[in-house]
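Listed in order, the protein sequences are those of chains A, B, C and D. Position in the first sequence (from 1) plus 152 gives the number in this note's numbering. Position in the second sequence (from 1) plus 152 gives the number in this note's numbering. Position in the third sequence (from 1) plus 152 gives the number in this note's numbering. Position in the fourth sequence (from 1) plus 152 gives the number in this note's numbering. Beta carbons: idealized from backbone N, C-alpha and C, even for Gly. Here the structure comes first, spelled out in structure tokens, and everything after it is commentary.
Number of protein chains: 4
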Amino acid sequence: MNKKKSDPKTEKKNRIIEAAVKVFAKKGFYLAKVNDVAKAANVADGTIYLYFKNKDDLLINLFEQKMELILQRFREQLQDIADPVEKLHRFIDTYFTLIEEDKDLADVFQVELRQSDKFLKDYHNQKFLDFLSVIHSIIQEGMENGFFRTDLNADVVKILIFGTVDEIARQWILGADAKYSLEEAKENIKHILTNGLIVF
Amino acid sequence: MNKKKSDPKTEKKNRIIEAAVKVFAKKGFYLAKVNDVAKAANVADGTIYLYFKNKDDLLINLFEQKMELILQRFREQLQDIADPVEKLHRFIDTYFTLIEEDKDLADVFQVELRQSDKFLKDYHNQKFLDFLSVIHSIIQEGMENGFFRTDLNADVVKILIFGTVDEIARQWILGADAKYSLEEAKENIKHILTNGLIVF
Amino acid sequence: MNKKKSDPKTEKKNRIIEAAVKVFAKKGFYLAKVNDVAKAANVADGTIYLYFKNKDDLLINLFEQKMELILQRFREQLQDIADPVEKLHRFIDTYFTLIEEDKDLADVFQVELRQSDKFLKDYHNQKFLDFLSVIHSIIQEGMENGFFRTDLNADVVKILIFGTVDEIARQWILGADAKYSLEEAKENIKHILTNGLIVF
Amino acid sequence: MNKKKSDPKTEKKNRIIEAAVKVFAKKGFYLAKVNDVAKAANVADGTIYLYFKNKDDLLINLFEQKMELILQRFREQLQDIADPVEKLHRFIDTYFTLIEEDKDLADVFQVELRQSDKFLKDYHNQKFLDFLSVIHSIIQEGMENGFFRTDLNADVVKILIFGTVDEIARQWILGADAKYSLEEAKENIKHILTNGLIVF
DNA sequence: AATGAATGAGATTTCATTCAT
DNA sequence: CATGAATGAAATCTCATTCAT
């Protein structure tokens with residue numbers, strides 16, 4: 153089961169990815185040097201090229217791997233909930249839990265991947281679309297079951313929800329706006345979205 | 153009256169800024185070469201340095217100048233509206249009008265400036281904070297006048313609203329999610345936010 | 153008589169040369185920008201090119217003009233002295249007087265022209281050779297008249313004398329070695345050279 | 153013993169320094185391009201930056217390293233001589249031997265470093281001062297032991313001597329004044345300085 | 001004659017990537 | 001497999017010089 157994680161090849165690849173998360177988060181993809189990642193991962197520069205085709209490929213791999221874990225987390229958390237409203241709340245809770253668990257990862261996702269389509273040629277961000285469709289399912293289910301208003305476009309709502317949690321998280325990471333706790337933010341978001349979506 | 157705009161020095165500075173908006177939007181700040189901007193502006197590389205200290209300074213100037221115009225636009229649009237709900241709707245309309253008017257500018261704002269704190273040392277994005285406070289004022293006023301629920305934190309709401317419109321706009325610009333029109337999105341957002349915020 | 157100096161064309165040319173002396177002395181030829189000279193001369197950059205072919209040409213003109221004045225000074229000072237020893241002393245006094253009168257000029261001569269053969273293609277420093285021959289004449293005359301030892305090579309002596317006064321002046325300008333006054337240095341040099349050269 | 157010299161890192165650093173001496177001597181510091189040095193050293197441009205912070209740093213390192221060797225040479229040559237006059241003569245001989253051994257190095261020292269204070273910010277030329285103090289010691293010792301006149305300022309004499317040998321060497325390197333051999337020059341200098349300094 | 005904005009060639013320096021050890 | 005020294009392409013920026021006004 154854990155075979156993948158324990159073999160030394162995968163172990164080093166992961167070490168490099170973790171280092172990259174940290175370094176990309178701190179400096180941004182362009183300002184982060186391959187050598188910075190190498191040092192953070194305690195390997196030589198050249199070693200990185202044994203595991204990744206190039207710097208772009210490292211970012212893509214990082215994203216794919218981490219996104220897969222995140223998607224798993226959401227699926228686990230959401231699978232045994234029936235009530236769409238509760239599901240939405242659980243989604244929000246899970247999102248902020250992930251953010252709190254790994255600020256650096258959150259940073260890479262939010263800032264660096266925003267522009268992935270610019271600097272990563274031919275990379276189509278399927279995992280991100282999968283993530284959005286997690287939200288979409290919640291909404292659609294809620295509409296079908298009569299909980300959520302059906303005069304809204306689920307695709308718009310999906311993005312609205314993502315934008316909301318993403319931006320709150322971003323500002324919280326930046327520490328720019330310390331006028332609220334993450335806890336308070338979560339509750340506010342739940343209230344607003346629930347009231348905005350449900351059928352009275 | 154239009155003296156500033158018509159003097160040739162300002163005229164060329166603006167030409168460079170417009171070119172930079174276009175080029176940065178297309179390629180991203182890092183992948184955009186100074187020479188790309190120069191070509192787009194129909195000037196020599198060196199000319200850019202007569203108007204801007206360096207590439208970073210060009211981005212900062214671009215942002216400051218454009219953001220100032222945007223802020224003016226919002227202030228104009230919002231000044232003679234009394235009803236907070238209507239104000240919120242007007243804010244949303246204005247936001248998307250601006251986005252539609254200048255996709256490239258929107259792109260630079262959304263994507264490139266997200267990471268400004270990373271690559272622009274010591275640049276504190278006051279204009280962005282001013283922009284957020286435009287939203288904050290609407291919310292606060294609505295709370296004070298009894299239109300909006302007061303059990304919400306206006307700072308959270310402000311960011312929620314920004315995140316929402318920003319992300320919808322972003323996806324629309326990317327053309328990633330063509331399953332809705334901007335018009336439909338606007339209406340959806342208005343509904344959700346209004347229902348989420350108002351006192352019943 | 154003063155026609156040359158008073159016509160406006162020559163006046164501006166001189167103003168540029170004086171500015172160049174000051175600027176080259178302070179920053180060195182390479183680090184001095186044409187614009188620095190222009191600003192110091194209170195003219196536009198382009199104006200310099202109306203009077204000089206290019207930056208190198210400015211340096212050459214500066215040198216030629218100043219060196220001519222200096223040579224005149226030495227000739228005046230030395231013409232009516234018969235005694236070679238006294239002539240040598242007068243040479244030394246004149247040299248240091250010039251240095252004191254115009255530190256900047258001295259600096260340009262000493263530092264910048266040392267390498268003129270490197271960066272000024274095809275410039276043969278005739279004026280400098282003329283200057284050395286002023287010293288040579290003194291020595292030769294002294295030898296012929298039986299004052300100075302004839303077992304020395306006048307060409308060596310000439311350079312020895314130049315090297316001596318030049319280096320003392322240089323160190324004094326740099327302010328590096330303030331352990332003596334220029335006056336004391338002059339007297340020391342006179343003593344040593346006289347004793348080193350005369351027939352007992 | 154020679155561990156330092158034989159390790160490959162030091163070996164390459166030295167190769168670059170030797171190349172720089174040659175190239176700076178020929179073209180002058182400013183006209184010499186980093187690529188010229190790289191080619192002369194048979195390395196890539198970038199390699200130079202693995203060993204030196206920048207072009208200025210290369211010049212400083214070159215100077216420091218070479219000057220240290222030179223100082224050692226002088227100390228070796230002078231240590232077992234008691235007679236100050238003989239010491240002075242040995243100093244002069246050693247100086248010209250060094251010049252003959254490495255014309256290029258001499259050139260860099262004489263011409264390029266003359267202006268080091270201009271283009272090397274904050275570089276205080278301690279090694280040069282050490283060199284001057286070698287001469288100073290000879291003079292002072294001679295004064296204390298009654299060989300040299302004590303009515304002279306040793307600091308003036310020190311610079312006079314340096315200026316003399318330096319200028320003679322410079323002219324010889326330039327080949328400007330081929331009217332004497334270096335041998336003849338050496339003897340002339342010894343005569344003049346000795347007669348100028350000793351107590352009769 | 002004078003200006004100074006504009007030019008663009010060219011220099012320094014960085015850094016992703018390679019490859020001999 | 002791992003290393004890290006070396007590479008060299010490429011980018012930013014400077015500044016002598018030109019030329020339209």
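Item, Value
"Minimum Cβ-Cβ distance from residue 319 of chain C to chain D less than 8 Å", "yes"
"Under 8 Å (Cβ pairs) to chain A, residues found in the segment 192–218 of chain B", "none"
"Nearest-angstrom Cβ-Cβ length linking residue 419 of chain C and residue 304 of chain D, presumed shorter than 8 Å", "Examination of residue 419 of chain C is not possible in this model, given that chain C is present from 153 through 352 alone."
"Per DSSP, the bridge partner or partners of residue 181 of chain D", "Answer is none; residue 181 of chain D lacks a bridge partner."
"Neighbour flag for residue 240 of chain C against chain D, beta carbons, 8 Å", "no"
"Neighbour flag for residue 337 of chain D against chain C, beta carbons, 8 Å", "yes"
"Nearest-angstrom Cα separation, counted from residue 229 of chain A out to residue 180 of chain B", "36 Å"
"Residue 300 of chain A (DSSP reduced to helix, strand or coil)", "strand"
"Which of helix, strand or coil DSSP assigns to residue 244 of chain A", "helix"
"Span of the alpha helix (DSSP H), counted from its first residue to its last, around residue 359 of chain D", "An answer regarding residue 359 of chain D cannot be provided, because it is not within the stretch 153 to 352 covered by chain D."
"Any C-beta of chain B under 8 Å from that of residue 316 of chain A", "yes"
"First and last residue of the uninterrupted alpha helix (DSSP H) at residue 107 of chain B", "Given a span of 153 to 352 for chain B in the structure shown, any question on residue 107 of chain B remains unanswerable."
"Proximity of residue 203 of chain B and residue 251 of chain B at Cβ, strictly below 8 Å", "no"
"Neighbourhood of residue 172 of chain C by C-beta distance below 6 Å, restricted to the same chain and skipping five residues each side", "189, 210 and 214"
"For residue 290 of chain D, the three-state DSSP class (helix, strand or coil)", "helix"
"Which of helix, strand or coil DSSP assigns to residue 233 of chain C", "coil"
"Spatial distance of residue 205 of chain D from residue 279 of chain D (CA atoms)", "20 Å"
"Inter-residue spacing [alpha-carbon to alpha-carbon] between residue 287 of chain D and residue 196 of chain D", "41 Å"
"The segment 284–301 of chain C in contact with the segment 332–343 of chain C per 3-pair CB rule at 8 Å", "no"
"Selection from D:198, D:292, D:160 and D:245 that minimises the alpha carbon distance to residue 320 of chain D", "D:245"
"Any chain D beta carbon closer than 8 Å to residue 298 of chain C", "no"
"CB of residue 300 of chain A within 8 Å of CB of residue 345 of chain A, strictly", "no"
"Under 7 Å from the C-beta of residue 323 of chain A: neighbouring residues of chain B", "311"
"Same chain, Cβ closer than 7 Å to residue 217 of chain C, neighbours up to 5 away in sequence not counted", "169"
"Amino acids of chain A, ordered along the chain, whose beta-carbon sits closer than 9 Å to that of residue 349 of chain B", "344, 347 and 348"
"Cα-Cα separation between residue 352 of chain B and residue 163 of chain A, rounded to whole angstroms", "56 Å"
"Whole-Å CB distance - residue 315 of chain A paired with residue 315 of chain B, under 8 Å assumed", "4 Å"
"Closest residue to residue 199 of chain C among C:295, C:161, C:258 and C:296 (Cα-Cα distance)", "C:161"
"Candidates A:208, A:260 and A:183, of which the one nearest residue 275 of chain A by Cα", "A:208"
"Cα-Cα separation, residue 313 of chain D to residue 290 of chain D", "11 Å"
"CB contact check: residue 341 of chain A to chain B, cutoff 8 Å", "yes"
"Beta-carbon proximity check, residue 192 of chain C vs residue 165 of chain C, cutoff 8 Å", "no"
"Cα-Cα separation, residue 232 of chain C to residue 254 of chain D", "45 Å"
"Residue 194 of chain A versus residue 324 of chain D - alpha carbon distance", "56 Å"
"Start-to-end residues for the alpha helix (DSSP H) that takes in residue 186 of chain A", "186–193"
"Under 8 Å from the C-beta of residue 255 of chain D: neighbouring residues of chain C", "None at all; the shortest Cβ gap to chain C is about 14 Å."
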